[in-house]
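Peer 1: As you go down the protein sequences, you meet chains A and B in turn.
With the UniProt record's numbering as the guide, the letters of the first sequence map in order to residues 1 to 352.
With the UniProt record's numbering as the guide, the letters of the second sequence map in order to residues 1 to 352.
We put the CB at the ideal spot given by N, CA and C, even for glycine.
There are 2 protein chains.
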Amino acid sequence: MFDNKEKTNIEALGEFGLINHLTKNIELVQKSTIKGVGDDAAVLDFEGKRMLVSTDMLLEGIHFDLAYTPLKHLGYKAIQVNLSDIYAMNGTPTQVTVAIGMSSKFPIEAVEEIYEGIYIACEKYGVDLIGGDTSSSKQGLVLSVTSIGYADAEDVVYRNGAQEGDLICVSGDLGGAYVGLQLLEREKLIYLENPNIQPDLEGKDYIVERQLKPEARKDVIDLLKEIDVKPTAMIDISDGLASEIMHICKQSSKGCSIYEEKIPLDPMTFETAREFNLDPTVCALSGGEDYELLFTVKQADYEKIKFKMDISIIGHITEPASGCNLITKSGNVHPLKAQGWNAFPNSESADK
Amino acid sequence: MFDNKEKTNIEALGEFGLINHLTKNIELVQKSTIKGVGDDAAVLDFEGKRMLVSTDMLLEGIHFDLAYTPLKHLGYKAIQVNLSDIYAMNGTPTQVTVAIGMSSKFPIEAVEEIYEGIYIACEKYGVDLIGGDTSSSKQGLVLSVTSIGYADAEDVVYRNGAQEGDLICVSGDLGGAYVGLQLLEREKLIYLENPNIQPDLEGKDYIVERQLKPEARKDVIDLLKEIDVKPTAMIDISDGLASEIMHICKQSSKGCSIYEEKIPLDPMTFETAREFNLDPTVCALSGGEDYELLFTVKQADYEKIKFKMDISIIGHITEPASGCNLITKSGNVHPLKAQGWNAFPNSESADK
Numbered sequence: 001m002f003d004n005k006e007k008t009n010i011e012a013l014g015e016f017g018l019i020n021h022l023t024k025n026i027e028l029v030q031k032s033t034i035k036g037v038g039d040d041a042a043v044l045d046f047e048g049k050r051m052l053v054s055t056d057m058l059l060e061g062i063h064f065d066l067a068y069t070p071l072k073h074l075g076y077k078a079i080q081v082n083l084s085d086i087y088a089m090n091g092t093p094t095q096v097t098v099a100i101g102m103s104s105k106f107p108i109e110a111v112e113e114i115y116e117g118i119y120i121a122c123e124k125y126g127v128d129l130i131g132g133d134t135s136s137s138k139q140g141l142v143l144s145v146t147s148i149g150y151a152d153a154e155d156v157v158y159r160n161g162a163q164e165g166d167l168i169c170v171s172g173d174l175g176g177a178y179v180g181l182q183l184l185e186r187e188k189l190i191y192l193e194n195p196n197i198q199p200d201l202e203g204k205d206y207i208v209e210r211q212l213k214p215e216a217r218k219d220v221i222d223l224l225k226e227i228d229v230k231p232t233a234m235i236d237i238s239d240g241l242a243s244e245i246m247h248i249c250k251q252s253s254k255g256c257s258i259y260e261e262k263i264p265l266d267p268m269t270f271e272t273a274r275e276f277n278l279d280p281t282v283c284a285l286s287g288g289e290d291y292e293l294l295f296t297v298k299q300a301d302y303e304k305i306k307f308k309m310d311i312s313i314i315g316h317i318t319e320p321a322s323g324c325n326l327i328t329k330s331g332n333v334h335p336l337k338a339q340g341w342n343a344f345p346n347s348e349s350a351d352k
Numbered sequence: 001m002f003d004n005k006e007k008t009n010i011e012a013l014g015e016f017g018l019i020n021h022l023t024k025n026i027e028l029v030q031k032s033t034i035k036g037v038g039d040d041a042a043v044l045d046f047e048g049k050r051m052l053v054s055t056d057m058l059l060e061g062i063h064f065d066l067a068y069t070p071l072k073h074l075g076y077k078a079i080q081v082n083l084s085d086i087y088a089m090n091g092t093p094t095q096v097t098v099a100i101g102m103s104s105k106f107p108i109e110a111v112e113e114i115y116e117g118i119y120i121a122c123e124k125y126g127v128d129l130i131g132g133d134t135s136s137s138k139q140g141l142v143l144s145v146t147s148i149g150y151a152d153a154e155d156v157v158y159r160n161g162a163q164e165g166d167l168i169c170v171s172g173d174l175g176g177a178y179v180g181l182q183l184l185e186r187e188k189l190i191y192l193e194n195p196n197i198q199p200d201l202e203g204k205d206y207i208v209e210r211q212l213k214p215e216a217r218k219d220v221i222d223l224l225k226e227i228d229v230k231p232t233a234m235i236d237i238s239d240g241l242a243s244e245i246m247h248i249c250k251q252s253s254k255g256c257s258i259y260e261e262k263i264p265l266d267p268m269t270f271e272t273a274r275e276f277n278l279d280p281t282v283c284a285l286s287g288g289e290d291y292e293l294l295f296t297v298k299q300a301d302y303e304k305i306k307f308k309m310d311i312s313i314i315g316h317i318t319e320p321a322s323g324c325n326l327i328t329k330s331g332n333v334h335p336l337k338a339q340g341w342n343a344f345p346n347s348e349s350a351d352k
């Protein structure tokens, strides 16, 4: 019988601590495994092309709330967050597998809606759904997606290539998905108190969509190829800007300076954050789920990138000794903290 | 807000009906996708080698019960059931990704035990764990594994290649995993009624292990290569012999005759089934989770295969019009029914 002698709760480690703890002793044995755990996607060498593989699991009550998540959007988002990992390697996604667990009482129309969203996302990005698993769940809805893609060996961009002096760039704008979530949570509470009151999301389409229907930034990868800029390091923003740039700096053994005034914020994100008495910069740094691309480029590429509409240069890579810092609008220097979205929400993570 | 207007429950479809329903309109667009949904693993063409991908999800309360499943065994089994799918394509597994969802109250030692089982399985089969996802779950333990492997294009064995007259072969013995499960369920009930009574699994190691610690049949794939036999069709037995041979027959547009007296049963499976007033043949046909390989070979290969210890010839492929039949020991002919292990346990599946 299962002996439930508890010792250390996962809470004490946090997600990254746990992953690190569980994977630190892996020894890779296959010649075709170029990169395993530790980046956005695994890299496999299949005869010239690098194959890219990434897996993400979405759990009801942790990653989504069916009270305000349309099922079609959920399916769409499950694919997008996985494709985003392949783009973050500078690759081209080509296939996905989807494993889904749900109550056997779930109406078929609901499952269809999820798959409709999955198929729309696949079609839009030219990706094949190539397999998966469908099972009953006694415990709510679970979606696990594995995405597969490829890149020429010389095109793959890892997290560990940032060099001192490199410019730190980010696509789109940040914080919107998090502020959108606050809005949805508020309307849910109002609805639960009085179901006759319709949700008031009037004029908030943009940030609600940032939360419910993110888009993987294929266009940014295409743009970078077009202007012949290969990032030195890249990651997608799922846990917030602070957490992600710290991943790049840690794996590149470097520090960084991020300028608060350069962090791209949509006006609606800014205003709505204020309505919630939230600091818009903190929403961008720690909110997560924006699925924008964060990447570093050589200074020599500055001219190529400086006027690109959808790319902001927000700082630069420094020597490791100076650490990872935010330069505030008032000129103060604050060490960045990776208090991003946490897959173990109750946890006291070590870096908090 | 999510409008929960129910129409059709998943129950009415059953797992295969649901998968078929959800995937029937897929249009593959990638040149590299040779085979998507509909076999044990997807097949991708990456420059000469066929890459194989398969995903399976294990959910607490559906696929396993922590009351009697040691966590190390659970991790081991999660890998084995996925490798089994790659072998069932006549491939060589090379990588796996593991996504895991668990309560944040779960003790770290418990997670370590799961991963210990995962790593033991990976090491034993020379497979790299190359990525995954770890998240909190509000709803019990969830494991989703994606396995990746390869085969030369001409070596891949699908489900649809069986020809009239081909011999139907199965490795190992059947029904043990199901009977082992009955034993564990009984001991659990006894334990719940009186926790002072220790489980009585004395002398039942083999069938308990068949349930808790299955082995993917790499050795059978190696043997077939060694004796230069390429199956015409192959599948692994996860849902029971009846369900699996019907998959082969349906996809090959053929019928079959299976001889009850030829179905391999371990004496312990036979005896224990009798103790539970179960028909041992039904356990083999419908029990599932044996993870043996079921395959068809040309009659010309009979001499090569007839004396192989661990392979039983249990029947032959017939014309489609005669259907899928079991010839009983007394010579009666019964149409096979795919009432295998069902991922939607409450469902009335169409073929029952």
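1) Nearest by alpha-carbon distance to A:VAL157: which of A:GLY91, A:VAL170 and A:ILE197 is it?
2) Kindly list the residues whose CB is nearer than 6 Å to the CB of A:ALA338, restricted to its own chain and excluding five residues on each side of it in sequence; keep chain order.
3) What do you reckon, are the CB atoms on residue 353 of chain A and A:VAL127 nearer than 8 Å?
4) A:ILE100 and A:SER54 - do their beta-carbons sit closer together than 8 Å?
5) Between A:GLY287 and A:GLY175, is the Cβ-Cβ spacing less than 8 Å?
6) Which of the residues in the segment 53 to 80 of chain A, read from start to end, lie with their CB under 8 Å from any CB of chain B?
7) A:SER257 lies in the beta strand (DSSP E); which residues open and close that run?
8) Tell me the DSSP secondary structure of B:GLY180 in three-state form.
9) Taking Cβ positions only, does A:ALA99 come closer than 8 Å to chain B?
10) For B:LYS124, which three-state DSSP category applies?
11) Spatial neighbours of residue 356 of chain B within its chain, please: CB distance less than 7 Å, with the 5 preceding and 5 following residues excluded, ordered by chain position.
12) Is there a Cβ from chain A that is less than 8 Å from the Cβ of B:ILE248?
13) Could you give the DSSP three-state label for B:ASP219: helix, strand or coil?
14) I want to verify the contact list: residues of chain A whose CB lies under 9 Å from the CB of B:SER243, in sequence order.
15) Rounded to the nearest angstrom, what separates A:LYS250 and A:LEU285 at their Cα positions?
16) Excluding the 5 residues flanking A:LYS138 on each side, which residues of the same chain have their C-beta closer than 8 Å to its C-beta?
17) Between B:SER253 and B:ASN325, is the Cβ-Cβ spacing less than 8 Å?
18) Looking at B:VAL142 and A:VAL81, is the spacing between their C-beta atoms short of 8 Å?
19) Just mark A:LYS72 as buried or exposed, buried being the case when its beta carbon has 16 or more other beta carbons within 10 Å.
20) When DSSP labels each residue in this structure, what does A:GLU202 get in the three-state scheme?
21) On a Cα-Cα basis, can you pick out the residue from A:GLY315, A:VAL179, A:LEU265 and A:GLN211 that is closest to A:ASN277?
22) Given a threshold of 16 other Cβ atoms within 10 Å of its Cβ, counted over all protein chains shown, does B:GLN299 qualify as buried or as exposed?
23) Which of helix, strand or coil does DSSP assign to B:TYR68?
24) Taking the beta carbon of B:GLN163 as the centre, do at least 16 other beta carbons fall within 10 Å, making it buried, or is it exposed?
25) Starting from B:CYS324, follow its DSSP beta bridges and name the residues at the other end.
26) Note the first and the last residue of the continuous beta strand (DSSP E) segment covering B:VAL157.
27) Smallest Cα separation from B:ASP301: which of B:PRO195, B:ILE327, B:TYR68 and B:VAL229?
28) Got a sec: is the Cβ-Cβ distance from B:VAL179 to anything in chain A below 8 Å?
29) Please name the residue or residues paired with A:TYR150 in a DSSP beta bridge.
30) Is the beta carbon of B:SER312 less than 8 Å from the beta carbon of B:LYS262?
31) Identify the continuous alpha helix (DSSP H) that holds A:GLN273 and give its terminal residues.
32) Alpha carbon to alpha carbon, what distance is there between A:PRO93 and B:GLY38?
33) By DSSP's criteria, B:ASP133 is part of a beta bridge. Which residues make up the other side?
34) Over the uninterrupted beta strand (DSSP E) stretch that includes B:VAL170, give me the two end residues.
35) Whole angstroms is fine: what's the gap from B:ILE148's alpha carbon to B:HIS334's?
36) Name, in chain order, the residues that DSSP records as bridge partners for A:ASP56.
Peer 2: Looking at the atomic coordinates:
1) Residue 157 of chain A sits at position 157 when you count from the first residue of the first sequence. Considering only alpha carbons, the answer is A:GLY91.
2) Mapped onto the first sequence, residue 338 of chain A falls at position 338. Cβ within range, chain order: ALA242, SER243, MET246 and ASP351.
3) Given a span of 1 to 352 for chain A in the structure shown, any question on residue 353 of chain A remains unanswerable.
4) If you number the first sequence from 1, residue 54 of chain A lands on position 54. If you number the first sequence from 1, residue 100 of chain A lands on position 100. No, the Cβ-Cβ distance between A:SER54 and A:ILE100 is not below 8 Å.
5) The count along the first sequence starts at 1 and reaches residue 287 of chain A at position 287. The count along the first sequence starts at 1 and reaches residue 175 of chain A at position 175. For the pair A:GLY287 and A:GLY175, the CB atoms are nearer than the 8 Å cut-off.
6) Answer set for the segment 53 to 80 of chain A: VAL53, SER54, THR55, ASP56, MET57, LEU59, GLU60, GLY61, ILE62, HIS63, LEU66, ALA67, TYR68, THR69, PRO70 and LEU71.
7) Sequence index remark: in the first sequence, residue 257 of chain A carries index 257 (1-based). Taken as a continuous stretch (DSSP letters only), the beta strand (DSSP E) holding A:SER257 covers 255 to 259.
8) Taking the first residue of the second sequence as 1, we reach residue 180 of chain B at position 180. Correct three-state label for B:GLY180: helix.
9) Within the first sequence, residue 99 of chain A is the residue found at index 99, counting from 1. Interface residue, yes.
10) Taking the second sequence and counting its residues from 1, one reaches residue 124 of chain B at position 124. Correct three-state label for B:LYS124: helix.
11) This structure does not reach residue 356 of chain B, given that chain B is present from 1 up to 352, and the question cannot be answered.
12) In the second sequence, counting from the first residue as 1, residue 248 of chain B sits at position 248. Taking Cβ atoms only, chain A never reaches closer than 8 Å to B:ILE248, which makes this a no.
13) Sequence index remark: in the second sequence, residue 219 of chain B carries index 219 (1-based). Helix.
14) Along the second sequence, one-based indexing puts residue 243 of chain B at 243. What B:SER243 touches in chain A: nothing, since even the nearest Cβ is about 15 Å away.
15) As a working mapping, residue 250 of chain A is identified with position 250 in the first sequence. As a working mapping, residue 285 of chain A is identified with position 285 in the first sequence. Roughly 17 Å separates the two Cα atoms.
16) The residue given as residue 138 of chain A occupies position 138 in the first sequence. Excluding sequence neighbours, A:LYS138 sits near SER103.
17) Working through the second sequence from its first residue, we reach residue 253 of chain B at position 253. Working through the second sequence from its first residue, we reach residue 325 of chain B at position 325. Not closer than 8 Å, so no.
18) Counting from one through the first sequence, the residue named residue 81 of chain A turns up at place 81. Counting from one through the second sequence, the residue named residue 142 of chain B turns up at place 142. The answer is no: Cβ separation not under 8 Å.
19) Residue mapping note: residue 72 of chain A aligns to position 72 of the first sequence, counting from 1. A:LYS72 is buried by the Cβ-count criterion.
20) Here residue 202 of chain A is taken as the residue at index 202 of the first sequence, counted from 1. Taken through DSSP and simplified to helix, strand or coil, A:GLU202 comes out as coil.
21) The residue labelled residue 277 of chain A in the question sits at position 277 within the first sequence. The shortest C-alpha separation from A:ASN277 is found at A:VAL179.
22) In the second sequence, the residue the question calls residue 299 of chain B occupies position 299. By the Cβ neighbour-count rule, B:GLN299 is exposed, with fewer than 16 other Cβ atoms within 10 Å of its own.
23) As a first step, residue 68 of chain B is located in the second sequence; it is residue number 68 there, counting from the start. In the structure shown, B:TYR68 sits in coil (DSSP, three-state: anything other than H, G, I, E or B).
24) Taking the first residue of the second sequence as 1, we reach residue 163 of chain B at position 163. The residue is exposed, with fewer than 16 neighbouring Cβ atoms inside 10 Å.
25) The residue you call residue 324 of chain B lines up with position 324 of the second sequence. According to DSSP, which records beta bridges pairwise, B:CYS324 is partnered with B:CYS256.
26) As a first step, residue 157 of chain B is located in the second sequence; it is residue number 157 there, counting from the start. No beta strand (DSSP E) holds B:VAL157; DSSP gives it neither H nor E.
27) Within the second sequence, residue 301 of chain B is the residue found at index 301, counting from 1. Comparing Cα positions, the closest option is B:VAL229.
28) Taking the first residue of the second sequence as position 1, residue 179 of chain B is located at position 179. Chain A contact via Cβ: absent.
29) Taking the first sequence and counting its residues from 1, the one referred to as residue 150 of chain A is at position 150. A:MET51 and A:THR92, per the DSSP bridge assignment.
30) Walking along the second sequence from the start, residue 312 of chain B turns up at place 312. Walking along the second sequence from the start, residue 262 of chain B turns up at place 262. Contact flag set, yes.
31) Residue numbering aside, residue 273 of chain A sits at position 273 when the first sequence is read from its first letter. At residue 273 of chain A the sequence reads Ala, which differs from the Gln that was named. Element bounds for A:ALA273: 267 to 275.
32) Against the second sequence, residue 38 of chain B aligns to sequence position 38. Against the first sequence, residue 93 of chain A aligns to sequence position 93. Residue placement at B:GLY38 is flagged as unreliable, the pLDDT there being 45, under the threshold of 50; the coordinate-derived value follows with that caveat. Spanning the two alpha carbons is a distance of roughly 21 Å.
33) By 1-based counting over the second sequence, the position of residue 133 of chain B is 133. Paired residues: B:ALA99.
34) Taking the first residue of the second sequence as 1, we reach residue 170 of chain B at position 170. Taken as a continuous stretch (DSSP letters only), the beta strand (DSSP E) holding B:VAL170 covers 167 to 171.
35) Numbered from 1 along the second sequence, position 148 holds the residue referred to as residue 148 of chain B. Numbered from 1 along the second sequence, position 334 holds the residue referred to as residue 334 of chain B. Rounded to whole angstroms, B:ILE148 to B:HIS334 spans 38 Å at the Cα level.
36) Locating residue 56 of chain A in the first sequence gives position 56, where the first residue counts as 1. Looking at the DSSP assignment, A:ASP56 forms a beta bridge with A:VAL145.
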